[in-house]
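For the sequence shown, UniProt numbering begins at 1 and goes up steadily by one.
All remarks here apply to the structure that follows.
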Amino acid sequence: MRHTPLIAALLAALLVTAAGCDRSPPDAAAPAVPASTQPSALPEPVADDRPVILEDTVEGTSDYLVGISYQGDASTYPGLARQLKAYADSAREEMIQAAQSRPRGEDAGSNVPYDLSLSFVEVLRTPQLVSWAADGSSYTGGAHGMPLLARFNWLPAQKKMLTAEELVTDASGWKAISDFAREQLHTRLSQRLEAERIDPAERTRMMRSAGRMIDDGTAPEAAQFAQFEPLPGDAGKLRGLRFVFSPYQVGPYSDGVQTVDVPASVLMPHLAAQYRELFDGGSQR
1 MRHTPLIAAL
11 LAALLVTAAG
21 CDRSPPDAAA
31 PAVPASTQPS
41 ALPEPVADDR
51 PVILEDTVEG
61 TSDYLVGISY
71 QGDASTYPGL
81 ARQLKAYADS
91 AREEMIQAAQ
101 SRPRGEDAGS
111 NVPYDLSLSF
121 VEVLRTPQLV
131 SWAADGSSYT
141 GGAHGMPLLA
151 RFNWLPAQKK
161 MLTAEELVTD
171 ASGWKAISDF
181 AREQLHTRLS
191 QRLEAERIDP
201 AERTRMMRSA
211 GRMIDDGTAP
221 EAAQFAQFEP
231 LPGDAGKLRG
241 LRFVFSPYQV
251 GPYSDGVQTV
261 DVPASVLMPH
271 LAAQYRELFD
281 GGSQR
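Have a look at this one:
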């Protein structure tokens, strides 16, 4: 995850505030519960060219701490800026509501404050495509925070987001992308377990369990590949896409965020015609 000095300072403050308090480690035997990477109340986009101000935010009370930062300037694209702000506002509101509704007094349990740490970073800016990444977490009790992860790919000419559903529209395309991603993730898992010199029987068990998570999290459908970043190539073209998977999607929480880079050569046969020119090997208009 990407963290700015602002976010680092907030986390340092959290450690001081919560000194002596403990978030208990997760039970290794407990089944992993998939964590959402989206605030549940994300507003619908509004077609509006009014300026949007994105400001770093640090705030805190005895109940919660908030740290939100923006690395870059999205104000040139009001529609994009509005989406970034809506995501941040929704995550903040959801966490604060949870903090304000938590039990008080003897039923309060842990006194660790709830917190939101969220960083927005500009990944790419070209005349054809502007890409931002949001990474962070929201802690509202339990062993650890809920991961927050979102990617925003803005098409300046069309003034709209480029979504996975629009980028690849046929089932065969998602199968090709799924097959590529699964191969990469399974190979990575096998190499890691082999390097750790785990007992063969335990290694087989872990391969089977983690392998199921990989297959489930890379099912050949747009929803599983909704979060992606462009990979810049030559002459302003893209050499591929980096698909980003949140913790729990293709592995246990301890594996963190995982990514798979899919080259343009794999994508090109399956891209919607109007987006092929964005990639290496795409036709010119």
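The beta carbon of each residue, even a glycine, is placed where N, CA and C say it ideally should be.
All values derive from a computational prediction rather than experimental measurement.
Using the rule of at least 16 other Cβ atoms within 10 Å of the residue's Cβ for burial, across every protein chain shown, is Ile68 buried or exposed? buried
For a quick check, are the C-beta atoms of Ala164 and Ala222 less than 7 Å apart? Contact flag set, yes.
Suppose you measure from the CA of Val58 to the CA of Lys85; what does that come to, to the nearest Å? Straight-line measurement puts the Cα of Lys85 at about 15 Å from the Cα of Val58.
Assuming Ile68 is part of the beta strand (DSSP E), what are its boundary residues? Tyr64 to Gln71
Rounded to whole angstroms, what is the Cα-Cα separation between Glu196 and Pro78? 48 Å
Tell me the residue span of the beta strand (DSSP E) that contains Tyr139. Val130 to Tyr139
Kindly indicate which three-state DSSP category Ser24 falls into: helix, strand or coil? At Ser24, the pLDDT of 43 sits below 50, so the modelled position is not reliable and the matter cannot be decided from this model.
Cα-Cα separation between Ser209 and Gly136, rounded to whole angstroms: 27 Å
Which partner residues does Asn153 have in the DSSP bridge list? Ser131
Whole angstroms is fine: what's the gap from Pro247's alpha carbon to His144's? 12 Å
Just mark Asn111 as buried or exposed, buried being the case when its beta carbon has 16 or more other beta carbons within 10 Å. Around the beta carbon of Asn111, a 10 Å sphere encloses fewer than 16 other beta carbons of the protein chains shown; the residue is thus reported as exposed.
Should the segment 230–249 be regarded as contacting the segment 89–99, the criterion being three or more beta carbon pairs within less than 8 Å? Touching, no, given that fewer than three Cβ pairs across the two stretches are closer than 8 Å.
What span of residues does the alpha helix (DSSP H) with Thr243 cover, start to end? Note that residue 243 is Phe in the sequence shown, not Thr. Taken as a continuous stretch (DSSP letters only), Phe243 belongs to no alpha helix (DSSP H), being part of the beta strand (DSSP E) at Leu238 to Phe245.
Since Ala264 and Phe279 are thought to touch, with beta carbons under 8 Å apart, how far apart are those beta carbons, to the nearest angstrom? 4 Å
For Pro156, I'd like the list of residues in its chain whose CB is within less than 7 Å of its CB, leaving aside the five on either flank, ordered along the chain. Tyr77, Pro127 and Val130
Best match in Phe225, Leu271, Phe120 and Gln274 for proximity to Gln71 [C-alpha to C-alpha]: Comparing C-alpha distances from Gln71 to each of Phe225, Leu271, Phe120 and Gln274 shows the shortest one belongs to Phe120.
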